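S.K.: Residue numbers (the numbering used here), protein chains in the order written: chain A, 3 to 536; chain B, 159 to 291.
Backbone N, C-alpha and C fix where the C-beta goes; we use that ideal spot for every residue, glycine too.
As the structure is a prediction and not an experimental result, all values here were calculated from the model.
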């Protein structure tokens, strides 16, 4: 363990925590709070970029916390997958924190908005970087408790209902995960991801391993908002202020997908039952989410249904489980974090300008605010997967992987769902930007009610969304160098032996076949075959 | 001991599930409390119960005594209890707020009260169906 990789792994978690602690100490100073909020996200972005470069140059980075050697202590692990999605997440978080710093009203700043948002960022980074099942549970809780409070800030009755739904379902999911962690420990005597990965294939009670898989999938599917555990998301994401929605939309569900990808690739790589279950979930999630979105007229609610739909694509990559499919899933996650946050920020700008995000009341924005229309169009086309935007690259990678694996049904579903996604984006476009704004008195009244027109300039407020839309375009046009990270991530995920070896070192490996697979890169078939035959 | 505790865990899970399926917010709170206790007890049982010897390493053999209690699940449960307690406290305050703002503790009742049940035309307060107030 050299000192440099220690800091790259620890700083993306501890810098936002530090900003949060400072935020507590400097609570009375509003301006400093706003700066700390933005600063926490920016420092995370910088260190996450450093981490990704370090991983790309030097390979998987591992730190054993407190120098307790794995599997006894808690390991922090960054491979390409973790570092890549962490970087994308912190890009999205930086933009939504910038938007929040410009727009959040005094009252919520005083209730600790930016402190909590920083805790949320630290929790997300911790969940991406940890290499320990129970530690993952703790990071989930850190993230959740911050999100609970952010979601519940405000006096709107619908918000209270949304927050109650969100909190209840997430607590049930967390408890399910806790039970799964207990079961994993009971079966193997370890909680370290790498150690679990090499011990689970040796467990003799296969039916208990299947139960463990079901528990983990259920817990992560409800965190990721995969069907049928998704209804909490569209019931709650549109209820708080737009800045909170944007932050959640970019980060939270992706942590669930990440945990699912990590556990499926490490713990159940040879298990066809688990793979097929994930693929079925993926298909249903895509279809149900997009149909829900088509029926909506509230802009943020529509976009929330789309999150639930898009999670299906990421799960499709996880379920196919080939290196290319996993690369597609990683790229999809990264571009989705950026694009979706951009769309939610656009919705926030519209709501600030018009006093409502209800599509039937909106209109004429193309004429009154052309830059806004352009930003929306860029992000929406990327979300739907139109070339040359980032969404196309991600969907194309997934579709190619699906065709290579001869999974025709899921590929067909994914293409059909893309078209429906485009349809509902066109609906927002024609309702909010294209048509005449309906003249009604109540519309003006709503604008007055929305009240307190902020000091921030309308163009300035649009900047974070515009920056993200540009990143999204860049991820499409300049996909060449970026997809290298995703492909490296996919290859690493498809060969759990490399992860295991990086964390535990040669000496702690259980059997010789595994060490051979780790050094020779023989692939996971040999590993699992060797494990099951004994 | 395991044979005795296992049914207890099962009963706790069953009771928690039943309570969580109720519409009343008060019952949801109790359900969540039972659920987290059931999970903690599950971890406790799952790791196996020893005869309670302290897991102190013998300096000569460098090994803990046989039958020593496994300290890891206890550490896990301790952490889980603290987290569960904090989260439950938050949930109770949230439920109180919910009740104050909406005047009901019925989780389903809210949608009917707050959202005007209009078709596509405007309702008395000029809002469309599904529009956030």
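Closest Cβ-Cβ distance between residue 227 (chain B) and chain A: below 8 Å?
M.R.: No, no contact with chain A.
S.K.: Relative to chain A, which residues along the region 169-188 of chain B have a C-beta separation below 8 Å, given in chain order?
M.R.: Residues passing the 8 Å Cβ filter: 178, 183, 186.
S.K.: With 16 as the cutoff for other CB atoms within 10 Å, does residue 215 (chain B) come out buried or exposed?
M.R.: Counting Cβ neighbours within 10 Å, residue 215 (chain B) comes out exposed, since fewer than 16 surround it.
S.K.: Quick one: give me the first and last residue of the beta strand (DSSP E) that residue 65 (chain A) is part of.
M.R.: Run containing residue 65 (chain A): 63-66, per the beta strand (DSSP E) assignment.
S.K.: Are the beta-carbon atoms belonging to residue 56 (chain A) and residue 79 (chain A) less than 8 Å from one another?
M.R.: The answer is no: Cβ separation not under 8 Å.
S.K.: Where in the region 198-281 of chain B do unbroken runs of the alpha helix (DSSP H), each at least 4 residues long, occur, reported from the N-terminal end onward?
M.R.: For the region 198-281 of chain B, whole alpha helix (DSSP H) runs of length 4 or above, ordered along the chain, are 229-260, 267-272.
S.K.: Can you tell me which of the three DSSP states residue 183 (chain B) falls into?
M.R.: In the structure shown, residue 183 (chain B) sits in a helix (DSSP, three-state: H, G or I).
S.K.: So, is residue 267 (chain A) buried or exposed, given that buried needs 16 or more other C-beta atoms within 10 angstroms?
M.R.: Its Cβ being crowded by 16 or more others within 10 Å, residue 267 (chain A) is buried.
S.K.: For the region 237-257 of chain B against the region 194-204 of chain B, do three or more pairs of beta-carbon atoms, one drawn from each stretch, fall closer than 8 Å, so that the two count as touching?
M.R.: Taking 8 Å as the limit for Cβ pairs, the verdict is that the region 194-204 of chain B does touch the region 237-257 of chain B.
S.K.: Is residue 26 (chain A) buried or exposed, if buried means 16 or more other CB atoms sit within 10 Å of its CB?
M.R.: By the neighbour-count rule (16 or more Cβ atoms within 10 Å), residue 26 (chain A) is not buried but exposed.
S.K.: By a C-beta neighbour count over all protein chains shown, 10 Å radius and 16 as the cutoff for buried, is residue 18 (chain A) buried or exposed?
M.R.: With 16 or more other Cβ atoms within 10 Å, it is buried.
S.K.: Spell out whether any CB of chain B is found under 8 Å from the CB atom of residue 181 (chain A).
M.R.: Taking Cβ atoms only, chain B reaches closer than 8 Å to residue 181 (chain A), which makes this a yes.
S.K.: Taking a contact to mean a Cβ-Cβ separation below 8 Å, would you say residue 294 (chain A) touches residue 236 (chain A) in this structure?
M.R.: Yes, the Cβ-Cβ distance between residue 294 (chain A) and residue 236 (chain A) is below 8 Å.
S.K.: Step through the CB atoms of chain A and report whether any lies within less than 8 Å of the CB of residue 279 (chain B).
M.R.: Its pLDDT being 37, under 50, residue 279 (chain B) is placed unreliably by the model, and the measurement read from it follows with that caveat. Output row for residue 279 (chain B): interface = no.
S.K.: Skipping 5 residues on each side, what residues in its chain have a beta carbon closer than 7 Å to that of residue 438 (chain A)?
M.R.: Here the set comprises 365, 366.
S.K.: With distances taken from CA atoms, which of B:201, B:224, B:220 is nearest residue 209 (chain B)?
M.R.: The residue with the shortest Cα to Cα distance from residue 209 (chain B) is B:224.
S.K.: I believe residue 252 (chain A) touches residue 154 (chain A) by the beta-carbon criterion, under 8 Å. Please report the beta-carbon distance rounded to the nearest angstrom.
M.R.: So it is not a contact: roughly 20 Å between Cβ atoms.
S.K.: Work out the CA separation of residue 321 (chain A) and residue 277 (chain A) for me, nearest whole Å.
M.R.: Each residue's alpha carbon lies about 5 Å from the other.
S.K.: Alpha carbon to alpha carbon, how far is residue 73 (chain A) from residue 219 (chain B)? Give it in angstroms, no decimals.
M.R.: When rounded, the distance between both Cα atoms is 22 Å.
S.K.: If we cut at 8 Å on Cβ distances, does residue 173 (chain A) have a partner in chain B?
M.R.: So yes, residue 173 (chain A) belongs to the interface.
S.K.: Return the residue from the list A:417, A:357, A:187 that minimises the CA-CA distance to residue 385 (chain A).
M.R.: The option with the nearest alpha carbon to residue 385 (chain A) is A:417.
S.K.: Can you find a CB in chain A that lies within less than 8 Å of the CB of residue 249 (chain B)?
M.R.: Taking Cβ atoms only, chain A reaches closer than 8 Å to residue 249 (chain B), which makes this a yes.
S.K.: Cα separation between residue 8 (chain A) and residue 129 (chain A)?
M.R.: If you take the alpha carbons of residue 8 (chain A) and residue 129 (chain A), they lie about 17 Å apart.
S.K.: Based on Cα-Cα distance, which residue from A:11, A:499, A:104, A:13 lies nearest to residue 39 (chain A)?
M.R.: Considering only alpha carbons, the answer is A:104.
S.K.: At the 8 Å Cβ level, is residue 56 (chain A) part of the contact set with chain B, yes or no?
M.R.: Not an interface residue.
S.K.: Can you name the residues of chain A whose CB is closer than 8 Å to the CB of residue 244 (chain B)?
M.R.: Per Cβ cutoff of 8 Å: 147.
S.K.: Got a sec: is the Cβ-Cβ distance from residue 110 (chain A) to anything in chain B below 8 Å?
M.R.: Not closer than 8 Å to any Cβ of chain B, the Cβ of residue 110 (chain A) fails to qualify, so no.
S.K.: What does residue 161 (chain B) touch in chain A if you count any residue whose Cβ is under 9 Å from its own?
M.R.: Those do not exist, as residue 161 (chain B) stays about 16 Å from chain A at its closest Cβ, beyond 9 Å.
S.K.: Going along chain B, which residues have a C-beta under 9 Å from residue 185 (chain A)?
M.R.: Neighbours of residue 185 (chain A) on chain B, chain order: 200, 201, 204.
S.K.: Can you tell me whether DSSP reads residue 167 (chain A) as helix, strand or coil?
M.R.: DSSP places residue 167 (chain A) in helix when its eight states are reduced to three.
S.K.: Could you tell me whether the Cβ atoms of residue 166 (chain A) and residue 177 (chain B) are closer together than 8 Å?
M.R.: The answer is no: Cβ separation not under 8 Å.
S.K.: Which bits of chain A does residue 260 (chain B) rub up against, with CB to CB less than 9 Å?
M.R.: Residues of chain A passing the Cβ test: 159, 162, 163.
S.K.: Can you give the beta carbon distance from residue 217 (chain A) to residue 185 (chain A), rounded, assuming they're within the 8 Å contact cut?
M.R.: Contact flag correct, Cβ pair sits at about 7 Å.
S.K.: Does the Cβ of residue 432 (chain A) have 16 or more other Cβ atoms within 10 Å, making it buried, or fewer, making it exposed?
M.R.: When all chains shown are included, residue 432 (chain A) counts as exposed.
S.K.: Would you mind sorting residue 479 (chain A) into buried or exposed? The rule is 16 or more other CB atoms within 10 Å of its CB.
M.R.: With fewer than 16 other Cβ atoms within 10 Å, it is exposed.
S.K.: Check for me: the alpha helix (DSSP H) holding residue 282 (chain A) runs from which residue to which?
M.R.: Here the alpha helix (DSSP H) through residue 282 (chain A) covers 274-296.
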